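Participant: Count along the sequence shown from 1, add 16, and you get the number used in the numbering used here.
Think of the CB as a built atom: it goes at the ideal place given N, C-alpha and C, for glycine as much as any other residue.
If you're wondering where the values come from, they're calculated on a predicted model, not measured in any experiment.
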Amino acid sequence: MTLLAGVLSGCAETRLFIHGAKRITGSATPEGPMRGGRYKVGKPYQIGKVWYYPKSDYAYAETGIGSWYGPQFDGKDTANGETFDMNSVSAAHRTLPLPSIVRVVNLDNGRALNVRVNDRGPFARGRIIDLSRRAAQLLGFEKQGTAKVRVEILARESQQLASAYGVSGLKETKPHPVPNAAPTSRVASVKLAAPEGFKTAAPDKNSEPSEFGKSAGVPSHPKIVELKLDETVSVVPVPASSGIFVQAGAFARYENANRLRALLSSVGDARIYQVTVSKQPFFRVRLGPATTVDEADKMLAKLVASGYDKARIIVD
17 MTLLAGVLSG
27 CAETRLFIHG
37 AKRITGSATP
47 EGPMRGGRYK
57 VGKPYQIGKV
67 WYYPKSDYAY
77 AETGIGSWYG
87 PQFDGKDTAN
97 GETFDMNSVS
107 AAHRTLPLPS
117 IVRVVNLDNG
127 RALNVRVNDR
137 GPFARGRIID
147 LSRRAAQLLG
157 FEKQGTAKVR
167 VEILARESQQ
177 LASAYGVSGL
187 KETKPHPVPN
197 AAPTSRVASV
207 KLAAPEGFKT
217 AAPDKNSEPS
227 EFGKSAGVPS
237 HPKIVELKLD
247 ETVSVVPVPA
257 SSGIFVQAGA
267 FARYENANRL
277 RALLSSVGDA
287 RIYQVTVSKQ
297 PFFRVRLGPA
307 TTVDEADKML
317 AKLVASGYDK
327 ARIIVD
């Protein structure tokens, strides 16, 4: 995923990568250790018109659409310097520390798997995680190409992994509920020229230090850490899904949400959904529900083309 030219238009559009699936039979064999990588958080970067801000977020949890990547990147370096093996369990995420351990649940069938995140991506809109082919096989969506998923960082395991790389100053983090999207509107959208590949932000004293310079708590000569994850798949109960939505914004004030809903009338049938987060009401403005991922992708593309660059797909 580090070869980014030509990737932005759809490296994670997995319908281009559908292959004859291996049948998963018998007990899973252990996954070999990853070698040669380094611990990395990284600095802000841009994909198209959207900026992403990598950070150590040990309370991260999100639902959305997962995809998988494989043959075009097999054997190439990941974003933190490991070697990508599409037949081992790994994943790419846009902002989590590299490496981290996440729990991925396929909301279509209840399969759950612990996965090592060691790469950046996905680079296609509407996806929250790109899994290796092996991970997609184990989670049961290799043939489909995409699945509704819940992704949650395993804080203890990820912090222990960071410590093994010599990273100091980690603090225990308790999970906290957050709204599904930051407030956004047509007025708030900023028109930026789309770059080739992606570009990083200029150094900022308030941003996370890059791996290219010495940063507090990170050793200047990171050591190689081996982590052996097995391929144990569990089946967990999953709630009945009401569908796939495209969310344009979330607001603490109903008036702001209603204003955005009115602006979206030319794009589609937008509705306001009220939720309570930490005893605080939020009003989410959404299109949908969509019955398929393709339908949600089209809704999202229409919103983005209308200037709502921060719109995203939500599974609820």
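1. Find the nearest neighbour of residue 272 within the set 284, 301 and 177, judged by alpha-carbon distance.
2. Does residue 200 come out as helix, strand or coil in the three-state DSSP assignment?
3. Pull up the CB-CB distance for residue 133 and residue 121, whole angstroms please, since I reckon it's below 8 Å.
4. Between residue 260 and residue 308, what straight-line distance do the alpha-carbon atoms span, to the nearest angstrom?
5. Can you tell me whether residue 265 is buried or exposed? The criterion is at least 16 other CB atoms within 10 Å of its CB, across all chains shown.
6. Return the CA-CA distance between residue 6 and residue 77, expressed in angstroms with no decimal places.
7. How should residue 136 be labelled, buried or exposed, when 16 other C-beta atoms within 10 angstroms of its C-beta is the threshold for buried?
8. As an exercise, report each continuous beta strand (DSSP E) stretch of at least 3 residues that is fully enclosed by the segment 265-317, in chain order.
9. Have a look at residue 129 and residue 180 and give me their C-alpha separation to the nearest angstrom.
10. From what residue to what residue does the alpha helix (DSSP H) around residue 173 run?
11. Determine the extent of the beta strand (DSSP E) in which residue 147 is found, giving its start and end residues.
12. What's the gap between the Cα of residue 171 and the Cα of residue 127?
13. If I'm right that residue 72 touches residue 107 with Cβ under 8 Å, what's the distance once you round it to whole angstroms?
14. Look at the alpha carbon of residue 319 and the alpha carbon of residue 124, and state the distance between them as a whole number of angstroms.
15. I'd like to check one pair, residue 304 with residue 262: are the Cβ atoms closer than 8 Å?
16. I need the DSSP call for residue 321, collapsed to helix, strand or coil.
17. Any idea what DSSP makes of residue 112, helix, strand or coil?
Facilitator: Quick answer:
1. 301
2. At residue 200, the pLDDT of 34 sits below 50, so the modelled position is not reliable and the matter cannot be decided from this model.
3. A Cβ-Cβ separation of about 15 Å leaves residue 133 out of contact with residue 121 under the 8 Å criterion.
4. 7 Å
5. buried
6. The question about residue 6 has no answer here: the residues shown for the chain are numbered 17 through 332.
7. buried
8. 286-293 and 296-306
9. 22 Å
10. 171-180
11. 145-148
12. 20 Å
13. Contact doesn't hold; Cβ gap of about 17 Å is too wide.
14. 26 Å
15. Their beta carbons are under 8 Å apart, which means residue 262 touches residue 304 by this criterion.
16. In the structure shown, residue 321 sits in a helix (DSSP, three-state: H, G or I).
17. DSSP places residue 112 outside both helix and strand once states are collapsed to three, so it counts as coil.
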